[in-house]
Amino acid sequence: MKRLFALGLVAILSGCGGGYDSLPPQVSNGGGGTIGAGGTIGSGGSKEDGEWRYSSVDNSAGEVFNAKAENNAINTYPDPEVSGLNARPFIIAERQRLLPGTVSESIKIFAGSAVACVPTCQIPIKFNSNRQSYLMQYSTLDEVLVPVSAEVGKDLFDKFTKSNSAVITLPIIGLSDNVESEFNLRGYEADRMKLNIDSL
Numbered sequence: 008m009k010r011l012f013a014l015g016l017v018a019i020l021s022g023c024g025g026g027y028d029s030l031p032p033q034v035s036n037g038g039g040g041t042i043g044a045g046g047t048i049g050s051g052g053s054k055e056d057g058e059w060r061y062s063s064v065d066n067s068a069g070e071v072f073n074a075k076a077e078n079n080a081i082n083t084y085p086d087p088e089v090s091g092l093n094a095r096p097f098i099i100a101e102r103q104r105l106l107p108g109t110v111s112e113s114i115k116i117f118a119g120s121a122v123a124c125v126p127t128c129q130i131p132i133k134f135n136s137n138r139q140s141y142l143m144q145y146s147t148l149d150e151v152l153v154p155v156s157a158e159v160g161k162d163l164f165d166k167f168t169k170s171n172s173a174v175i176t177l178p179i180i181g182l183s184d185n186v187e188s189e190f191n192l193r194g195y196e197a198d199r200m201k202l203n204i205d206s207l
């Protein structure tokens, strides 16, 4: 069932565009083939730019009030629920205009499978060579980890958008070991994340 959902999701995304510049990377379909349009870009030590994808939302006056940048992990892990299928976590860096005239910056981590984190937990993340744990809140609905406070969110946004690499340690339910998800963060384009309020 999960495999059918993944195939349906790819078909939907390719049909509607979804506001993104490209589809998620390839993952195994369990039968020797792959699902998705992308691919892996190498190791965490790569000097090449990471594969950032950008989207934005504007109002009727054409003013951008929300901007997102998505980056997929360069490695996968075995899906604990479906034999032969691999899962690939991804992060979304988001800037959003708030009232009155302020901007929120934060990060969402999509784990790809259920995480042992109810309702909060410390998630270790290594940026470049510095490792630190961050208090995150987990939503079982969409398997996403979000910072517990705006302050933690801003700190993580800065680190994800200014570092060359990151490794997120995820306690995936059903796996004997934690998953070390590696991200190539090079090449982030701050200009593509500008909101109209930035020029006021």
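Mapping of the sequence shown onto my numbering: position 8 corresponds to residue 15, and the numbering continues sequentially without gaps.
The beta-carbon is built from N, C-alpha and C at its ideal position, and this holds for glycine as well.
Please return the same chain residues whose Cβ sits closer than 8 Å to the Cβ of residue i, not counting the five positions on each side in sequence.
i    : result
D198 : none
G51  : Residue placement at G51 is flagged as unreliable, the pLDDT there being 41, under the threshold of 50; a coordinate-derived value is accordingly withheld.
N185 : T176, L177, P178, I179
Expressed to the nearest angstrom, what Euclidean distance is found between the alpha-carbon atoms of residue i and residue j?
i    : j    : result
S136 : L148 : 32 Å
I3   : S170 : Residue 3 is absent from the structure shown; the chain starts at 8 and stops at 207.
G181 : L152 : 18 Å
D28  : S63  : Interpretation of D28 is limited by its pLDDT of 37, a score under 50 that renders its predicted location unreliable; the figure taken from the coordinates is listed afterwards. Straight-line Cα distance between these residues: approximately 11 Å.
S183 : V122 : 13 Å
T127 : V71  : 32 Å
P87  : N203 : 43 Å
M200 : A74  : 5 Å
V110 : G91  : 42 Å
I116 : F134 : 15 Å
K54  : T83  : 20 Å
I130 : L106 : 30 Å
M143 : C124 : 8 Å
W59  : R138 : 23 Å
Once DSSP output is grouped into helix, strand and coil, what is the label at residue i?
i    : result
E196 : coil
N137 : strand
V174 : strand
N66  : coil
L105 : strand
A118 : coil
V71  : strand
E150 : coil
V159 : helix
T168 : helix
N191 : strand
N185 : coil
I'd like to know whether the C-beta atoms of residue i and residue j end up nearer to each other than 9 Å.
i    : j    : result
F164 : R104 : no
G119 : E150 : yes
Y141 : D162 : yes
F167 : A68  : no
P154 : S113 : yes
Y61  : E187 : no
In chain order, what residues of the same chain lie with their CB nearer than 6 Å to the CB of residue i, ignoring the 5 residues before and after it?
i   : result
G57 : N78, N191, L192, R193, G194
Excluding sequence positions up to five away, which residues of its chain have a Cβ less than 7 Å from the Cβ of residue i?
i   : result
N66 : F72
Touching or not, the stretch 187-196 and the stretch 150-164, by the rule of three or more beta carbon pairs under 8 Å?
-> no
Is it a yes or a no for the stretch 173-187 touching the stretch 82-102, going by three-plus beta-carbon pairs under 8 Å?
-> yes
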